[in-house]
Every structure is written in C-alpha cells, then in structure tokens.
C-alpha cells in the first residue's frame, strides 16, 4: 500500500461523499420540513442524469446538459409535488412509502419507455477531462476534483441559504412549527413546493455529475437513495449540517473500507479469503456505522427529537 | 365471531384462492397454480409483517432480512443434502436435509432469532429512525449474501428439486400449492389468536399509547420485541416456501425491493386487517399478470394504479370493500 494510493482513495471517498450530500440534503429538507419520506428522490436523480444525457447529445454541449439536469429535475419535482406529494403531507408514513414507491415504478418505466433499457454514456468536455498533479506528485482526475470543489461550494451555499436568508429562516421555522408560520402569513404551500424543487434540482445535478463518471441508466437512483437515507439518519433528520457530516463520513468510510479491509485481512489470511472476507465486511461497513450511531444516539448525530 | 361484511369478504378471498387453484388444476394450467402459490406465500410473509406493522405500529422496512433468511436456510440445507456434505461439523455434526418437516422449524427458529437480534437494537429507536435502521440491517445481510462466496454469492444457490414432504409429490404444482395453502390457513389462525389474546391487546395498546400501557404495568419494549420476533418467524417461513417454489434462492430475496413489496401487499390490502395481506398479494400478483400480458410497460400502469389506491382509498382494498371504514395506525 502506498501513500499516494491512500490519498487517491480518500479523494475518491470525498467525491462520493459530496455527491451523496447533494442527494441527502434535499431528502433531509423534505423530511424535516414536510415530514415526508420520499422514496422517489432517487427517480429525480435519474431524471437529472437522463436530461443531461439527452440535451448534451442533442446540442453537443455538456454545459447545456448540466443546466438541463437542474431545470428538468426541478420541473419534475414541482410537477410531482403539485400533483401527488402535496396530498401526502397529512398522511402517515405508510401511505407516503407506498405512494412514493409507486412513483418509482412510474418514473423508471416511463424513462425506460422513452430511452430504452441500454445505459447511456456522457462525454465530459476535453477541458474537464484528464488528470492534474497534486502537491506530492499525486495524479488525480480533474473532473473528480472539480466535483469535490463544486460539492463543497454547493454545501456552503446551502448552509448559508438555510442559516442566513429569509427563505432559510422560513424553512427552519417550518421544520419546528408549520402551523405557526402559516399563521404568521407565510404561504406554506409555496414554501413546500420551493423546498421540494430545490431538493429535486440538487438530486438531478448529482445524477448528471455521477452519470458523467459512470453511466446513465434506469434504476441508477435507488442504490444512491438508500445510501442517502443512511446519511440523513446518521446526520439526524432535518439537519443540513448533519447531512454534510454524514455524507462525508459515509463516502470516506465506504471507499476506504473497500480499499483497506482486504489489505488488513491479508495480513493474517491467505489472499483469496482475505479479499472475500474484506470485501464482504466492507460492503456492510456503513450500515454497521449507522446501526452504531443509532444505538448510541437514537436521533442521529445532529438530530433533534424524532 | 359475528358474520360481518369483512368476515364474508375474508371467506370469499380465502376459499376463492383455493377454488382458483383447483379450477386451474382441472383445466391443466400449472402456471395459474404457481401464481396462486405465490399469492399464498407472499400472504404469509405479509401476515408476518402485518403483525408488527399493522397491529404493533412497528413500520419495518427490513422484513426482507427474515424472508431471505428463511429462504437461505431452505437453500443451504437442501444444497448440503444434495452434495452430501455437512453444514457444520463443530460442536456437533449437522448434515443437510431436504425434508420440509426438518427445514421449517430450523428456518422459523433462525429467522426469529435474527428478528430478536435486530429487534433488540432497532426498537430503541422509533418513527422514521426505526424504518431506516431496519432497512439498514436488511441491507447489511443483503451485501453479505452478495459477497459471501460459500453459498453462491451474487449468483444465488440452486436447489434443483423441491424439498420433500412425506406422502406428497412436492414437484406436482397442486400438491405444493396445498402445502402453502395449509400454511396460509395456519398463519391466519395464529395471527387471529395472537391479536385477540391478552398479548395482542397489549400490543395494540402499545401502538396506540405507550404511556398508558406502561402505567398498567406492561413493559412496552418487551411486548414490541416479542411481536417483532413472531413476525420475523412467520415471514421466515414464507421465505423457505418461496425457495421451494423457485427451486432457487438468490441475494435478491434480501433486497430492499423485497421489503418494499411485502409492505405494499400489506398496505394495499389494508393495514391491521387479518386478511389484508391476502387481499393485497392477490390483487398485486393478479394485476402484475394481467397488465404484464397487455403491455410491456406494465410497471408504469401498476405504479399509477397504486398511486390511485393510496390517494383515494384509505383503508386499502378490504377498507373499500367494507365501505371505507379505514383503520388508523
């Protein structure tokens, strides 16, 4: 194991973490403000990726594709919120789970109908591809490095939005007492739609960025959705700061676990079973972290009472 | 029990499933019998979940763990019997088996044990956190099953033949259906007995108001834990039957989609209604089949249908049929 490889893995973990944050921040806001479990958040991630792929292919511009991912995911978010989600705020968690599960079916099958089942690939423009040399002579993908930077920038912006602006104050007020803030004259329905659209746009953007590294395909959102749930539960539901800490924790722990555990077990086992045990344990690692966090802090790291 | 409308609907559902399978047998339509078997198996899984989710208010998003565990117990024991190897040799020697009479108690016991472990840890949390921690445990087992190569890993584990039951040819679809149907009846009776027992009342009391239950001297944690364990055992049994139905078990039985599906059956049929899971599973699997025959994109229509059910029919299918007097959870 070399030092360079370790740094590279940590950077990969950070990159994974900030992408998770883009998903988790929307999910945690919707959860915290509206009390809604949205399983269809992963579908918005997929919508963003497909919008980016379709527009980038049609216009030849990756930048337009990225913009489209934000716009289309937000639009899909607004549409779904107005038509369906709005009716679920007053329902129990069970109805929300069933309805948003149904939405996943609709989104996935609708996308398969439009685009087919084959994965699409995005070409990152020349200027963003290639590698950069970091201090210490480490070569690292420029695109991934940019994702980390963009992710942290968005996280900073979102924290500022929530803690410094008027709409942020309203969102936080909505989290603690929704009746009171509607009594104070805030249009709560509009606020809900804005929060939902914001979360959708961030998820769609994450979908486009991750789709550029991997591939764009139906069902790409669900694995990330589950991880995003793990993140917000670790961080504490409704807390953006918690989502940020949780995302980075999950991203780094997962990536490093997959890298280090097989090596660790290799120290006292034969290589093939070390790989098997190590990777089995690594894939369970973040769920163990989550169970551990909930065991000691049943409402997450930064959570108020559930 | 008085003859209410719900009892009548329940009887129609239960007898209807049997008649559907028997007619399919007379018409020589093994595929329909298999579908009816699937309905029976998923109903049993749903009955297990309903006990925790419906009557106990414990919204578990991780029942795939128990369903899969039961499934893998059947798969692993049968696989060892097939290859004539020992399951383990320490502290005692344990050989594989393909007798259902042996597999069932082992599977129920182990699934219940897993439910005990998961329950002890998860029941410390409540609400959304409980939903998520049960999901996390199921995911843990899912990834473990995928990456553990001893029993097929990602490829799954074929059992080639169905496990045997004395006096029956389990490979004959109608005979296997009857086994599952009898189990469905037993699960329904067990669930009904539990719900109407003192324990069942304590469980429903705990769901409604934990403080009040505590004040009359009942420990809510223990009540919930016992319900969760029984729930896990029943769902685990369904898992073994599912392995036998497919003659194959793969990690996908542990996936969150499996948990989601079992949950959908329960909610679709009507939460905290004895026959709700049966109604839900029957409707879902029939829709899957009919829509699947009409269009390639049946999932889209199924999704829209589910949306309609959630938004406009509180109380699920049985709730609608009994004029919408929804039960609240």
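Residue numbers (my numbering), protein chains in the order written: chain A, 1 to 306; chain B, 1001 to 1329.
Where a beta carbon is used, it is the ideal one built from N, C-alpha and C, also for glycine.
Query                                                                                                                                                                                              : Result
Quickly, what does DSSP pair residue 320 (chain A) with across the bridge? List them, please.                                                                                                      : Since the first and last residues shown for chain A are 1 and 306, residue 320 (chain A) lies out of range.
What in chain B is Cβ-close to residue 43 (chain A), meaning under 7 Å?                                                                                                                            : Here the premise fails: no neighbours, minimum Cβ distance about 10 Å.
Do we get a CB-CB distance below 8 Å when we pair residue 1048 (chain B) with the residues of chain A?                                                                                             : no
Per the DSSP calculation, residue 1094 (chain B) is bridged to which residue(s)?                                                                                                                   : B:1088
When you compare only the Cα positions, how much space is there between residue 1200 (chain B) and residue 1223 (chain B)?                                                                         : 9 Å
Can you give me, in chain order, the residues of the segment 1045-1072 of chain B that have a beta carbon less than 8 Å from any beta carbon in chain A?                                           : 1053, 1059 and 1061
At a Cβ threshold of 8 Å, is residue 290 (chain A) touching chain B?                                                                                                                               : yes
Can you pull the chain B residues whose beta carbon is under 9 Å from the beta carbon of residue 95 (chain A), in chain order?                                                                     : 1267, 1310, 1311 and 1314
Mind reading off the beta-carbon distance from residue 237 (chain A) to residue 303 (chain A)? Whole number of angstroms is fine, and I expect it under 8 Å.                                       : 6 Å
Could you tell me which chain B residues have their CB closer than 8 Å to the CB of residue 287 (chain A), listed as they occur along the chain?                                                   : 1136, 1137, 1139, 1140 and 1143
Considering only residues of the segment 72-135 of chain A, which uninterrupted beta strand (DSSP E) runs meet the minimum length of 3 residues and lie entirely inside it, listed in chain order? : 131-134
What are the boundary residues of the beta strand (DSSP E) that includes residue 141 (chain A)?                                                                                                    : 138-141
Would you mind sorting residue 1298 (chain B) into buried or exposed? The rule is 16 or more other CB atoms within 10 Å of its CB.                                                                 : buried
Can at least three beta-carbon pairs, one atom from the segment 225-234 of chain A and one from the segment 49-62 of chain A, be found at a separation below 8 Å?                                  : no
If contacts are defined as beta-carbon pairs under 8 Å, then residue 1165 (chain B) and residue 1102 (chain B) qualify, I think. What distance do you get, rounded to the angstrom?                : In fact, because the Cβ distance is near 11 Å, the residues do not count as touching under 8 Å.
Is the CB of residue 306 (chain A) under 8 Å away from at least one CB in chain B?                                                                                                                 : Unreliable positioning characterises residue 306 (chain A) in this predicted model, as indicated by a pLDDT of 41, which lies under 50. The coordinate reading is nonetheless provided below. Cβ-Cβ to chain B under 8 Å: yes for residue 306 (chain A).
For a contact meaning CB atoms closer than 7 Å, what does residue 1121 (chain B) contact in chain A?                                                                                               : 291 and 295
For the pair the segment 1087-1097 of chain B and the segment 1247-1259 of chain B, tell me if three or more CB-CB distances fall below 8 Å.                                                       : no
What are the residues that DSSP puts in a beta bridge with residue 1165 (chain B)?                                                                                                                 : B:1168
Given this structure, state the Cα-to-Cα distance separating residue 104 (chain A) from residue 135 (chain A), to the nearest angstrom.                                                            : 44 Å
Taking any Cβ of chain A, which residues in the segment 1266-1299 of chain B have a Cβ under 9 Å from it, in chain order?                                                                          : 1266, 1267, 1268, 1271, 1296, 1297, 1298 and 1299
Just the C-alpha distance for residue 1114 (chain B) and residue 273 (chain A), rounded to the nearest angstrom, thanks.                                                                           : 25 Å
Are the beta-carbon atoms of residue 1248 (chain B) and residue 1159 (chain B) separated by less than 8 Å?                                                                                         : yes
Would you identify the three-state DSSP class for residue 1158 (chain B), choosing helix, strand or coil?                                                                                          : strand
For a test of the three-state rule: what should DSSP assign to residue 152 (chain A), helix, strand or coil?                                                                                       : helix
Please identify, using Cβ separations under 7 Å, the residues of the segment 225-241 of chain A that lie next to chain B, in order along the chain.                                                : 226, 229, 230, 233 and 237
With 8 Å as the limit, tell me which residues of the segment 1145-1162 of chain B have their beta carbon closer than that to any beta carbon of chain A; keep them in chain order.                 : 1146, 1147, 1148 and 1149
Apart from the five residues just before and just after residue 152 (chain A), which ones in its own chain have a Cβ nearer than 8 Å to its Cβ?                                                    : 18
Give a yes or no on whether 8 Å exceeds the smallest Cβ distance from residue 1264 (chain B) to chain A.                                                                                           : yes
So with CB distances below 7 Å, who are the chain B contacts of residue 332 (chain A)?                                                                                                             : Chain A is shown only over 1 to 306; residue 332 (chain A) falls outside these bounds and no answer can be derived.
Report yes if the CB atom of residue 301 (chain A) is closer than 8 Å to the CB atom of residue 257 (chain A), and no otherwise.                                                                   : no
Excluding the 5 residues flanking residue 1301 (chain B) on each side, which residues of the same chain have their C-beta closer than 6 Å to its C-beta?                                           : 1291
What in chain B is Cβ-close to residue 99 (chain A), meaning under 8 Å?                                                                                                                            : 1306, 1307, 1310 and 1311
So, helix, strand or coil for residue 1014 (chain B), using DSSP?                                                                                                                                  : helix
So, under 8 Å CB-CB, residue 1066 (chain B) and residue 1235 (chain B) are touching, yes? Tell me the CB distance rounded to an integer number of Å.                                               : 4 Å
Residues of the segment 1194-1226 of chain B with a CB closer than 8 Å to any CB of chain A: list them in chain order, please.                                                                     : none
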